[in-house]
Amino acid sequence: MMTGIFFRTVPWWLQCFALSLGLLLLVDHRPLAAQSGDSAEKPSTSRPAGSSQPVDTETAKQEKELSVVIIPVKDGITGRYEVFFRRVIREANEEGVSLLVIDMKTPGGSLQTTMELFDILETFNGRTVTFVNDEAYSAGALIAAATQAIYMTPDSVMGAATAIMVGPGGAPMELPESVDAKFSSALRAKIRSKAAINGHRPDVFEAMIDRKLKLEVDGEVLCDEGEILTLTGEEAFTSYGDPPKPLVAAGLVEDMDQLLEELGYADARRIEAVETGSETLGYWLDFASPVILLIALAGLYLEFKSPGFGVPGLIGIVAASLYFIGGNVAGFSTMAWLIVFVVGVILIFGEVLVFPGTFVLGVTGAVLMAVSILMAFLDYDPNRAPQTTESQPALPESASESARKAMESTDSGSRMTTSEYLMNALNKRFRELGVVFVGLIASMIVLAKVLPHTPYYARIVSQTASGMDSVQEEKQRHSTMIGQVGTAINELRPGGKARFGNTVLDVISDDGIIEPGTPVEIISYSTSTARVIQATRPEAGTGTT
15 MMTGIFFRTV PWWLQCFALS LGLLLLVDHR PLAAQSGDSA EKPSTSRPAG
65 SSQPVDTETA KQEKELSVVI IPVKDGITGR YEVFFRRVIR EANEEGVSLL
115 VIDMKTPGGS LQTTMELFDI LETFNGRTVT FVNDEAYSAG ALIAAATQAI
165 YMTPDSVMGA ATAIMVGPGG APMELPESVD AKFSSALRAK IRSKAAINGH
215 RPDVFEAMID RKLKLEVDGE VLCDEGEILT LTGEEAFTSY GDPPKPLVAA
265 GLVEDMDQLL EELGYADARR IEAVETGSET LGYWLDFASP VILLIALAGL
315 YLEFKSPGFG VPGLIGIVAA SLYFIGGNVA GFSTMAWLIV FVVGVILIFG
365 EVLVFPGTFV LGVTGAVLMA VSILMAFLDY DPNRAPQTTE SQPALPESAS
415 ESARKAMEST DSGSRMTTSE YLMNALNKRF RELGVVFVGL IASMIVLAKV
465 LPHTPYYARI VSQTASGMDS VQEEKQRHST MIGQVGTAIN ELRPGGKARF
515 GNTVLDVISD DGIIEPGTPV EIISYSTSTA RVIQATRPEA GTGTT
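Structure follows, in structure tokens:
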């Protein structure tokens with residue numbers, strides 16, 4: 015019965031929004047702590063009931079460090095992996111996880127996503143390892159360079175990371191020579207930096223990107239000009255130099271169990287991250303967030319300018335909700351910022367409608383709205399520790415000597431400090447919001463000039479007539495009001511309210527902005543809203559409804 019009343023009385027767009035929120039709540043979004051699956055049991059550090067024995071804090075600290083999260087990358091690298099990695103790494107930082115392993119089997123994917131994953135991986139507080147489990151082509155090889163150690167199976171392959179352009183229908187296309195040279199140079203510089211920071215040979219990864227480079231090590235040509243470097247596990251683990259050092263791979267292992275044993279994490283709590291249904295949703299909401307925010311702010315702007323409460327305000331509320339839901343699902347923030355935004359909107363409405371001229375309310379509301387909009391999609395993890403060797407958990411005593419050497423070769427001094435990380439996140443966000451606000455200003459100018467003179471404006475503002483009246487009665491009442499002269503109660507910009515005798519009506523000005531107290535005359539009606547102009551004669555009578 016209640017369902018029937020809901021569908022009969024609630025507008026269709028509100029039904030869709032409510033159903034969308036309901037579906038969103040049903041999307042699988044388990045916290046990382048609930049994904050440990052068949053992990054090894056971790057000894058408890060809590061005291062038995064009634065025991066006075068103190069907890070061994072050193073043991074508790076060591077057990078907290080002995081935890082590993084495994085992120086599977088088993089298909090093409092697309093934008094949804096940004097949301098997946100960000101969510102897992104944030105929760106791993108909160109849980110104190112000390113080792114992250116990327117279980118890699120990918121043909122490659124989006125270069126833009128790869129660049130985003132570089133920055134996201136750097137926010138992890140512990141050690142990072144790539145396990146090439148079969149293949150890591152293109153973007154997969156570049157992501158491997160952004161981790162501190164690379165392990166491969168003996169028959170796995172890694173490389174072929176040259177950039178290509180995807181044409182219509184998904185077919186690969188060669189980049190024009192001038193574009194390819196410029197693009198390749200920028201990509202090589204980026205990967206040189208990442209490889210050097212993590213203790214890898216930059217020239218090896220450059221040879222995977224640029225076919226014009228020749229890779230020669232100890233007199234042996236591994237990749238000639240005109241070729242793209244691709245390495246098998248055996249080739250990547252071959253040692254060169256004096257003292258001998260593996261080319262790329264820190265070791266060869268058969269499976270994940272052997273890898274964790276090599277790293278000293280055989281008995282650690284193992285968490286295998288699961289990609290949830292919300293990852294794709296979060297990616298698209300993140301991708302569309304500037305447009306959603308623009309719609310939200312434009313809707314609220316129209317609501318301020320139109321009488322009563324109508325469709326613009328509802329559109330603004332729906333879009334704002336989607337914006338903050340997107341930030342939450344994409345792993346940027348919590349829904350608390352939606353509450354901050356709502357409080358800001360209420361304060362501004364209070365300034366405009368209830369306490370006009372109260373400067374503090376309006377400014378406070380604007381500041382709250384601005385801060386919440388900024389924080390909703392700010393890619394900043396407050397749990398991130400400064401990225402130095404000292405700040406990272408040490409490998410367990412059971413880790414192999416080769417694993418220790420691979421991890422210790424990381425040049426952590428080149429990593430972003432906490433302040434640099436924050437400024438990088440803020441700069442990126444300010445650039446995005448700058449584009450949004452330029453679009454908003456342009457939209458406000460267009461809407462203010464064009465929309466009031468279209469038949470659609472009256473349909474999106476609130477109506478003043480009772481829905482119980484017949485259309486004929488309403489038309490008759492409107493005809494008696496045409497020509498009536500009243501007084502503007504508030505500023506008409508162009509919407510507002512005017513008093514005609516004892517009756518207050520929602521009106522729209524056809525004369526631009528009209529100041530409060532100015533005589534106005536009804537010249538016509540658009541649906542149920544009176545259209546007025548500035549009157550040339552004083553108020554002449556009392557209107558009736």
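So that you can map any letter, position 405 of the sequence shown is 419 in the numbering used here, and since no number is skipped, the others follow by simple counting.
Here a beta-carbon is modelled for each residue, glycine too, at the ideal position from N, C-alpha and C.
*As assigned by DSSP and simplified to three states, the class of LYS226*: Numbered from 1 along the sequence shown, position 212 holds the residue referred to as residue 226. In this structure, LYS226 counts as coil in the three-state DSSP scheme.
*Roughly how many angstroms separate the alpha carbons of LEU361 and PHE138, rounded to a whole number?*
On the sequence shown, position 347 is the one that residue 361 refers to. On the sequence shown, position 124 is the one that residue 138 refers to. Approximately 38 Å between the Cα atoms of the pair.
*Based on the DSSP output, what are the partners of LYS259 in its beta bridges?*
Residue 259 sits at position 245 when you count from the first residue of the sequence shown. According to DSSP, which records beta bridges pairwise, LYS259 is partnered with TYR254.
*Which residue from ARG545, ILE527, THR348 and PRO304 puts its Cα closest to that of LEU506?*
Here residue 506 refers to the residue found at position 492 of the sequence shown. The option with the nearest alpha carbon to LEU506 is ILE527.
_Beta-carbon proximity list for VAL343, same chain, < 7 Å, skipping 5 on both sides_ = Here residue 343 is taken as the residue at index 329 of the sequence shown, counted from 1. Contacts found: SER292, LEU295, GLY296 and LEU299.
*Between the C-alpha atoms of GLY154 and ALA250, what's the straight-line distance to the nearest angstrom?*
Here residue 154 is taken as the residue at index 140 of the sequence shown, counted from 1. Here residue 250 is taken as the residue at index 236 of the sequence shown, counted from 1. Roughly 15 Å separates the two Cα atoms.
*asked:* Using the three-state DSSP reduction, which class does GLN272 fall into: helix, strand or coil?
replied: Here residue 272 refers to the residue found at position 258 of the sequence shown. Looking at GLN272 - three-state DSSP - the assignment turns out to be helix.
_THR244 and VAL171 closer than 8 Å at C-beta_ = Sequence index remark: in the sequence shown, residue 244 carries index 230 (1-based). Sequence index remark: in the sequence shown, residue 171 carries index 157 (1-based). In this structure, VAL171 lies closer than 8 Å to THR244 by Cβ.
_Runs of 4 residues minimum, wholly inside the segment 282 to 323: which ones carry the alpha helix (DSSP H) assignment?_
292 to 301 and 303 to 319
*Out of VAL218, THR252 and GLN162, which has the shortest C-alpha to C-alpha gap to THR176?*
Counted from its first residue, the sequence shown places residue 176 at position 162. Checked all of VAL218, THR252 and GLN162; the closest Cα to THR176 is VAL218.
*Applying the criterion that 16 or more other CB atoms from any shown protein chain within 10 Å of the CB defines a buried residue, is MET495 buried or exposed?*
In the sequence shown, residue 495 corresponds to position 481, counting from 1. Classified as buried, MET495 has 16 or more neighbouring CB atoms from the shown chains inside 10 Å of its CB.
*Delimiting residues of the alpha helix (DSSP H) encompassing GLN126*: Position 112 of the sequence shown, counted from the first residue, corresponds to residue 126. Taken as a continuous stretch (DSSP letters only), the alpha helix (DSSP H) holding GLN126 covers 125 to 135.
*C-beta atoms of MET222 and ILE242 nearer than 8 Å*: Sequence index remark: in the sequence shown, residue 222 carries index 208 (1-based). Sequence index remark: in the sequence shown, residue 242 carries index 228 (1-based). Yes. Within cutoff.
_So the candidates are ALA408, VAL97 and SER416; which of them puts its Cα closest to the Cα of ILE164?_
What you label residue 164 is simply residue 150 of the sequence shown in a count that begins at 1. Comparing Cα positions, the closest option is SER416.
*asked:* Under DSSP, the beta strand (DSSP E) around GLU234 begins and ends at which residues?
replied: Walking along the sequence shown from the start, residue 234 turns up at place 220. Residues 234 to 237.
*Are the segment 282 to 289 and the segment 79 to 92 touching, with three or more C-beta to C-beta distances below 8 Å?*
yes
*Under the three-state reduction of DSSP, which class applies to GLU149: helix, strand or coil?*
Translated into positions along the sequence shown, residue 149 becomes position 135. Here GLU149 sits in strand by DSSP.
*Given PHE225, which residues of its chain have a CB within under 7 Å of its CB, disregarding the five upstream and five downstream residues?*
By 1-based counting over the sequence shown, the position of residue 225 is 211. Reading off the sequence shown, one finds Arg at residue 225, where the question assumed Phe. Correct list, in chain order: THR176, GLY240, GLU241 and ILE242.
*Using a Cβ cut-off of 8 Å (strictly closer), state whether THR127 contacts chain D.*
In the structure shown, chain D cannot be found, because there is only a single protein chain.
*Whether ALA264 touches ALA439 by CB criterion (8 Å)*: On the sequence shown, residue 264 is found 250 positions in, with the first residue counted as 1. On the sequence shown, residue 439 is found 425 positions in, with the first residue counted as 1. No, the pair does not count as a contact, with Cβ atoms beyond the cut-off.
*Opposing strand residues paired with PRO530 [DSSP bridges]*: For this step, residue 530 is matched to residue 516 along the sequence shown. DSSP, once it has assigned bridges, lists no residue as partnering PRO530.
*How many whole angstroms separate the CB atoms of ASP525 and GLN498, which I take to be in contact at a CB cut-off of 8 Å?*
As a working note, residue 525 is residue 511 in the sequence shown. As a working note, residue 498 is residue 484 in the sequence shown. For ASP525 against GLN498, the beta-carbon gap comes to about 16 Å, at or over 8 Å, which does not count as contact.
*What is the rounded straight-line gap between the Cα of THR144 and the Cα of ALA350?*
In the sequence shown, residue 144 corresponds to position 130, counting from 1. In the sequence shown, residue 350 corresponds to position 336, counting from 1. One alpha carbon belongs to THR144, the other to ALA350, and they sit about 35 Å apart.
_By DSSP's criteria, ARG513 is part of a beta bridge. Which residues make up the other side?_
Here residue 513 corresponds to residue number 499 of the sequence shown, with the count starting at 1. Under DSSP, ARG513 shares a beta bridge with THR501 and VAL518.
*State the start and end residues of the unbroken alpha helix (DSSP H) segment that holds LYS419.*
Residue 419 sits at position 405 when you count from the first residue of the sequence shown. Run containing LYS419: 415 to 422, per the alpha helix (DSSP H) assignment.
*Going by alpha carbons, who is nearest to ARG491 out of SER538, THR501, ARG445 and ILE459?*
Here residue 491 corresponds to residue number 477 of the sequence shown, with the count starting at 1. Of the listed residues, the one whose Cα sits closest to ARG491 is SER538.
*Going by DSSP, which residues form a beta bridge with GLY364?*
As a working note, residue 364 is residue 350 in the sequence shown. In the DSSP assignment, GLY364 is bridged to no other residue.
*Can you give me the Cβ contacts of THR92 inside the same chain, cut-off strictly under 7 Å, excluding the 5 residues immediately before and after it?*
Indexing the sequence shown from 1 puts residue 92 at position 78. So the list reads GLY123, SER124 and THR127, once near-sequence residues are dropped.
*In angstroms, rounded to a whole number, what distance separates the CA positions of ARG551 and ALA502?*
Indexing the sequence shown from 1 puts residue 551 at position 537. Indexing the sequence shown from 1 puts residue 502 at position 488. Approximately 14 Å between the Cα atoms of the pair.
*Separation of LYS511 from PHE301, as counted between CA atoms*: By one-based count along the sequence shown, residue 301 stands at place 287. By one-based count along the sequence shown, residue 511 stands at place 497. One C-alpha to the other measures close to 40 Å.
*Considering only the beta carbon of each residue, do GLY345 and ARG104 sit closer than 8 Å?*
Taking the sequence shown and counting its residues from 1, one reaches residue 345 at position 331. Taking the sequence shown and counting its residues from 1, one reaches residue 104 at position 90. Cβ atoms of GLY345 and ARG104: closer than 8 Å.
*In angstroms, rounded to a whole number, what distance separates the CA positions of ARG101 and SER423?*
In the sequence shown, counting from the first residue as 1, residue 101 sits at position 87. In the sequence shown, counting from the first residue as 1, residue 423 sits at position 409. Looking at the two C-alpha atoms, the distance is approximately 28 Å.
*How should GLU529 be labelled, buried or exposed, when 16 other C-beta atoms within 10 angstroms of its C-beta is the threshold for buried?*
For this step, residue 529 is matched to residue 515 along the sequence shown. Classified as exposed, GLU529 has fewer than 16 neighbouring CB atoms from the shown chains inside 10 Å of its CB.
*Residues near ALA544 in its chain [Cβ-Cβ closer than 6 Å; skip 5 each side]*: Within the sequence shown, numbered from 1, the residue matching residue 544 stands at position 530. Counting only Cβ-Cβ distances below 6 Å, and skipping sequence neighbours, we find LEU519, VAL521 and ILE536.
*Work out the CA separation of THR378 and LEU131 for me, nearest whole Å.*
For the purposes of this step, residue 131 is identified with residue 117 of the sequence shown, where counting begins at 1. For the purposes of this step, residue 378 is identified with residue 364 of the sequence shown, where counting begins at 1. Each residue's Cα considered, the two are about 36 Å apart.
*asked:* Could you compute how far the alpha carbon of GLY278 sits from the alpha carbon of GLN162?
replied: Within the sequence shown, residue 278 is the residue found at index 264, counting from 1. Within the sequence shown, residue 162 is the residue found at index 148, counting from 1. Their Cα atoms are separated by approximately 16 Å.
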